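Basically my numbering = 1-based index in the sequence shown + 1.
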Amino acid sequence: MFRSLRWRIAVPYVALVLVATLGLTIYISDQVRQVRLADLEGQLLADARLLAGSIAPQLQAGTPPETLDELARRSASLLKARVTIIAADGIVVGESHEDRAQMDNHLYRPEVQQALNSGRGSSMRYSDTLDYEMMYAAVPIQAGEEQVLGVMRVALPLGEIEANVDQLRYNMVVAGLLVALLAGLLAVFIAGRTTQPLRQLTSVAERMASGDLDARLFPNTRDEVGQLTRAFNHMADQIREQVTTLAEEQGRLAAVLDHMADGVLITDQNGQVRLVNAAAARLLD
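Encoded structure:
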């Protein structure tokens, strides 16, 4: 295949389109994922702040954990998310999806530490409790400006985002393959049109090699191929003139030799007879 100039032009072009499409797919899907994650983080933090404001009076009043569980479940139902209420010492006092009594102390969870230190926190990790990857966002639950009653945490699974990104990657790969296919067909067509004069020129050269000195190819472009065709035609004209001149000289030489009374033999360097005129033939019988 790669002996053909057509394929040596078309294949690298298609390979370049595929590589560019793959790189673009990876870059765009990664950017989309980062944007979706940033949007999700902002949404979760906003929800957590809203819930923290409503839960603060409950914690300050010493509401029983069972009531906090019910509030967490009600909020989770409205937000379609997991809601966890964490006391200032890290103990879970309200949980929407699991048995809080079986949950570990959450004081040193990354999002909780960030919330206590900087007023907001978020992290992404695999949840052993729910058995899939989650994004967590947390804000402190405060009574006034100074007193921290606990931490409100809201979480959502990342499965939907990952599924959307995977679907985007799939769509872009399919689109890229279609573009590469169209580009390949176009490249083969253009390469075929580009190399057609060369194939025609090769055919004319083979006709000349077989003895047809009148074979010509008329250029129809002004590009490099057209220049090559005109140079080839000029060379063919020169060869035909030289062959015609040699044939005329050979004819004149044969006529002179045939009419000479003296016998003439022409040999090569090995003594092999190459030409003998009629007089020499008669003399040598």
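All C-beta atoms, glycine included, are put in the ideal place defined by N, C-alpha and C.
Bear in mind the structure is a predicted one, so any value in this text is a computation, not a measurement.
According to DSSP, is residue 97 part of a helix, a strand, or is it coil? The sequence position of residue 97 within the sequence shown is 96, counting from 1. Looking at residue 97 - three-state DSSP - the assignment turns out to be coil, as it is neither helix nor strand.
From the DSSP output, read off the bridge partner residues of residue 154. The residue labelled residue 154 in the question sits at position 153 within the sequence shown. Note: residue 154 sits in a beta bridge opposite 85 and 139.
Using a threshold of 7 Å, state whether the C-beta atoms of residue 89 and residue 116 are closer than that. For the purposes of this step, residue 89 is taken as the residue at position 88 of the sequence shown. For the purposes of this step, residue 116 is taken as the residue at position 115 of the sequence shown. No, Cβ-Cβ distance for residue 89 and residue 116 is not below 7 Å.
Beta carbon of residue 237 nearer than 7 Å to that of residue 263: The residue given as residue 237 occupies position 236 in the sequence shown. The residue given as residue 263 occupies position 262 in the sequence shown. Their beta carbons are not under 7 Å apart, which means residue 237 does not touch residue 263 by this criterion.
DSSP three-state call for residue 262: helix, strand or coil? As a working mapping, residue 262 is identified with position 261 in the sequence shown. Residue 262 falls in the coil class under three-state DSSP.
May I have the straight-line CA-CA distance separating residue 38 from residue 158, to the nearest angstrom? Walking along the sequence shown from the start, residue 38 turns up at place 37. Walking along the sequence shown from the start, residue 158 turns up at place 157. Their backbone Cα atoms lie some 11 Å apart in a straight line.
For residue 121, I'd like the list of residues in its chain whose CB is within less than 8 Å of its CB, leaving aside the five on either flank, ordered along the chain. Counting from 1 along the sequence shown, the entry for residue 121 is found at position 120. So the list reads 46, 115, 138, 139 and 140, once near-sequence residues are dropped.
Report all residues from its chain with a CB closer than 8 Å to the CB of residue 259; omit the five preceding and five following residues, and keep chain order. Against the sequence shown, residue 259 aligns to sequence position 258. So the list reads 278 and 279, once near-sequence residues are dropped.
Between 54, 216, 225 and 91, which lies nearest to residue 143 when the distance is taken from Cα to Cα? Translated into positions along the sequence shown, residue 143 becomes position 142. Of the listed residues, the one whose Cα sits closest to residue 143 is 54.
Rounded to the nearest angstrom, how far is the Cβ of residue 153 from that of residue 62, given a contact under 8 Å? Within the sequence shown, the letter at position 152 stands for residue 153. Within the sequence shown, the letter at position 61 stands for residue 62. Actually they are not in contact, since the Cβ atoms of residue 153 and residue 62 sit about 16 Å apart, beyond 8 Å.
Please state the DSSP three-state secondary structure of residue 214. Translated into the one-based positions of the sequence shown, residue 214 becomes position 213. Residue 214 falls in the coil class under three-state DSSP.
Between which two residues does the beta strand (DSSP E) holding residue 276 run? Locating residue 276 in the sequence shown gives position 275, counting from the first residue. First-last of the beta strand (DSSP E) with residue 276: 274–277.
Between the Cα of residue 283 and those of 272, 265 and 269, spot the shortest distance and give me the residue it belongs to. Translated into the one-based positions of the sequence shown, residue 283 becomes position 282. Among 272, 265 and 269, the Cα nearest to that of residue 283 is on 265.
According to the neighbour-count rule (16 or more other Cβ atoms, all chains shown, within 10 Å of its Cβ), is residue 119 buried or exposed? The residue given as residue 119 occupies position 118 in the sequence shown. Exposed.
Do you know whose CA, among 172, 18, 151 and 286, lies nearest residue 109's CA? The count along the sequence shown starts at 1 and reaches residue 109 at position 108. Of 172, 18, 151 and 286, the residue nearest in Cα terms is 151.
Please list, in chain order, all residues of the same chain as residue 91 whose beta carbon is under 6 Å from its beta carbon, the five residues on each side excluded. Residue 91 sits at position 90 when you count from the first residue of the sequence shown. For residue 91, where only same-chain residues beyond five positions count, the Cβ hits under 6 Å are 106, 107 and 108.
Quick check on DSSP: helix, strand or coil for residue 125? Locating residue 125 in the sequence shown gives position 124, where the first residue counts as 1. DSSP places residue 125 in strand when its eight states are reduced to three.
Would the beta-carbon of residue 98 fall within 7 Å of that of residue 75? By 1-based counting over the sequence shown, the position of residue 98 is 97. By 1-based counting over the sequence shown, the position of residue 75 is 74. No, they are not a contact pair.
Less than 7 Å separating the beta-carbons of residue 129 and residue 95? Locating residue 129 in the sequence shown gives position 128, where the first residue counts as 1. Locating residue 95 in the sequence shown gives position 94, where the first residue counts as 1. Going by C-beta atoms, residue 129 is not nearer than 7 Å to residue 95.
Neighbour flag for residue 42 against chain C, beta carbons, 7 Å: No chain C is present in this structure, which holds just one protein chain.
Local conformation of residue 147 per DSSP, three classes: For the purposes of this step, residue 147 is taken as the residue at position 146 of the sequence shown. Three-state DSSP puts residue 147 in coil, outside helix and strand.
Euclidean distance between Cα positions of residue 185 and residue 162: In the sequence shown, counting from the first residue as 1, residue 185 sits at position 184. In the sequence shown, counting from the first residue as 1, residue 162 sits at position 161. Looking at the two C-alpha atoms, the distance is approximately 34 Å.
Can you tell which of 187, 209, 197 and 242 has the C-alpha that lies nearest to the C-alpha of residue 222? Counting from 1 along the sequence shown, the entry for residue 222 is found at position 221. For residue 222, the nearest C-alpha among the options comes from 197.
Please classify residue 57 as buried or exposed, where buried requires at least 16 other C-beta atoms within 10 Å of its C-beta. Your numbering for residue 57 matches position 56 in the sequence shown. Label assigned to residue 57: buried.
What first and last residue would you give for the alpha helix (DSSP H) that runs through residue 37? Position 36 of the sequence shown, counted from the start, is the residue given in the question as residue 37. It spans 6–61 - the alpha helix (DSSP H) in which residue 37 sits, taken as one unbroken run.
DSSP three-state assignment for residue 133, whether helix, strand or coil: Locating residue 133 in the sequence shown gives position 132, where the first residue counts as 1. It is a strand residue.
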